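According to numbering that gives the first Met the number 0, the sequence shown is numbered sequentially starting from 0.
Notes follow the structure.
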Amino acid sequence: MINTNKIARCFKGDQNIFWDSWIANVALKQFIGKEFPELPVVLFIHDEKLGSPDLNWAYYAQKDKQCYFLTDDYADSYGDACYINIDISEGLFYLPVVTASHLNAHGIALKSMAKSFKKFQPFLDHAFLKRSADIGLNLMQKHPKKDEAKRTAEDHMNEYFFHHPEQKIFYLFTKSMGRKGLVPCKDTNQLFSTIPLSHANLQKKLLELFMHHLKAPLGKQAHEVIIKKKVKERSNQFLSHLIHSMNYDNTLFDLQKESSAYFFKKTKKEAQFTLEQSSK
């Protein structure tokens with residue numbers, strides 16, 4: 000294709016190098032370098048907004064000082080509730096979000112189901128609800144916590160579903176599984192390069208995303224003790240490096256760029272590259 004179309008420069012961009020994009024970049028760089036050594040390769044990070052929260056449940060978070068939350072990717076009755084750019088898979092595999100239109104095409108009338116759930120939810124047997132939760136379909140409704148100081152993002156979401164039970168059906172049937180991401184509480188157009196790591200509770204949520212939704216699941220999926228030990232050691236080394244290398248003035252873009260350099264240092268790959276910034 001490169002010869003046929005007379006390509007003069009190769010571009011590849013990603014929002015998140017913490018998934019498979021770094022490995023893909025290395026493979027692309029190695030291939031181009033070997034087969035087309037004269038062809039320039041520009042690898043960059045899409046400097047875009049962090050993500051979009053479900054403003055319905057984010058509304059209930061306006062009372063506290065949390066600016067960032069961890070959430071699933073899912074759709075609501077309008078078709079699009081939440082999307083995430085800085086995200087991870089909880090282990091090696093995950094299932095992507097499924098839209099209501101896709102479910103409807105396979106005979107699952109989600110809107111009708113949600114409407115019926117709202118009507119009959121108060122009368123559902125507790126034993127039935129418990130059995131449903133045991134197989135992964137948690138239809139139980141939780142009363143909102145009264146102590147606002149102890150509320151989490153999950154509490155805000157549960158409060159929204161408590162007042163709008165029909166939306167919980169859309170959440171349960173469309174959400175991605177094994178995938179978590181970071182979103183701002185308010186829908187803003189701030190780019191990666193403009194969000195300092197010191198902003199509000201950003202560092203806390205990034206650490207939670209790494210420790211609880213990446214490191215921990217990988218450790219559980221590793222069956223051999225020696226592999227579990229390596230997952231723990233490498234994760235701790237990576238985290239320690241970032242803590243000592245980054246400062247409060249650094250941004251989310253800087254975090255990805257520094258992480259990429261660290262991966263090169265540890266893997267000793269020859270096909271090194273520097274990540275550019277799409278907004279420049």
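All C-beta atoms, glycine included, are put in the ideal place defined by N, C-alpha and C.
Here the structure is a predicted model, which is why all the values come from computation and not from measurement.
(1) Just tell me which of L91, S234 and N249 has its CA closest to the CA of N202.
(2) When the Cα of V182 is compared with those of V25, I31 and D53, which residue comes out closest?
(3) Would DSSP call F43 helix, strand or coil?
(4) How close, in whole Å, do the beta carbons of Q166 and D72 come, if the pair is a contact with beta carbons under 8 Å?
(5) Thinking just about the alpha-carbon of each residue, which of I226, L136, I44 and E37 is nearest to the one in D14?
(6) Over what stretch of residues does the alpha helix (DSSP H) that includes K114 continue unbroken?
(7) At the level of alpha carbons, what is the spacing between K174 and T98?
(8) Suppose you measure from the CA of Y58 to the CA of K5; what does that come to, to the nearest Å?
(9) Output the boundary residues of the alpha helix (DSSP H) element that contains F351.
(10) Any idea which residues DSSP pairs P195 with across the strands?
(11) Comparing alpha-carbon positions, which option in W18, K228 and S259 lies nearest I83?
(12) Does the pairing of the stretch 118-128 with the stretch 206-221 give three or more beta-carbon distances under 8 Å?
(13) Less than 9 Å separating the beta-carbons of G218 and K231?
Checking against the coordinates, here is how it stands:
(1) To locate residue 202, count along the sequence shown from 1; it is residue 203. Per the sequence shown, residue 202 should be read as Gln rather than Asn. It is N249.
(2) Counting from one through the sequence shown, the residue named residue 182 turns up at place 183. Considering only alpha carbons, the answer is D53.
(3) Stepping through the sequence shown from its first residue, residue 43 is reached at position 44. F43 falls in the strand class under three-state DSSP.
(4) For the purposes of this step, residue 166 is identified with residue 167 of the sequence shown, where counting begins at 1. For the purposes of this step, residue 72 is identified with residue 73 of the sequence shown, where counting begins at 1. About 15 Å separates the beta carbon of Q166 from that of D72, a gap too long to meet the 8 Å contact definition.
(5) For the purposes of this step, residue 14 is identified with residue 15 of the sequence shown, where counting begins at 1. Correcting the residue type first, residue 14 is Gln in the shown sequence and not Asp. Q14 has its Cα closest to that of I44, out of I226, L136, I44 and E37.
(6) By 1-based counting over the sequence shown, the position of residue 114 is 115. Note, K114: alpha helix (DSSP H), L109 to F119.
(7) Here the question's residue 174 lines up with position 175 in the sequence shown. Here the question's residue 98 lines up with position 99 in the sequence shown. C-alpha separation (whole angstroms): 9 Å.
(8) Here residue 58 is taken as the residue at index 59 of the sequence shown, counted from 1. Here residue 5 is taken as the residue at index 6 of the sequence shown, counted from 1. Going from the Cα of Y58 to the Cα of K5 covers about 51 Å.
(9) As displayed, the chain neither begins before 0 nor continues past 279, which places residue 351 out of reach and without an answer.
(10) Against the sequence shown, residue 195 aligns to sequence position 196. Note: P195 sits in a beta bridge opposite T250.
(11) Looking up residue 83 in the sequence shown gives position 84. With distances taken between CA atoms, I83 lies nearest to W18 out of W18, K228 and S259.
(12) Cβ pair count under 8 Å is below three, so no.
(13) The sequence position of residue 218 within the sequence shown is 219, counting from 1. The sequence position of residue 231 within the sequence shown is 232, counting from 1. Cβ distance < 9 Å, so G218 and K231 count as in contact.
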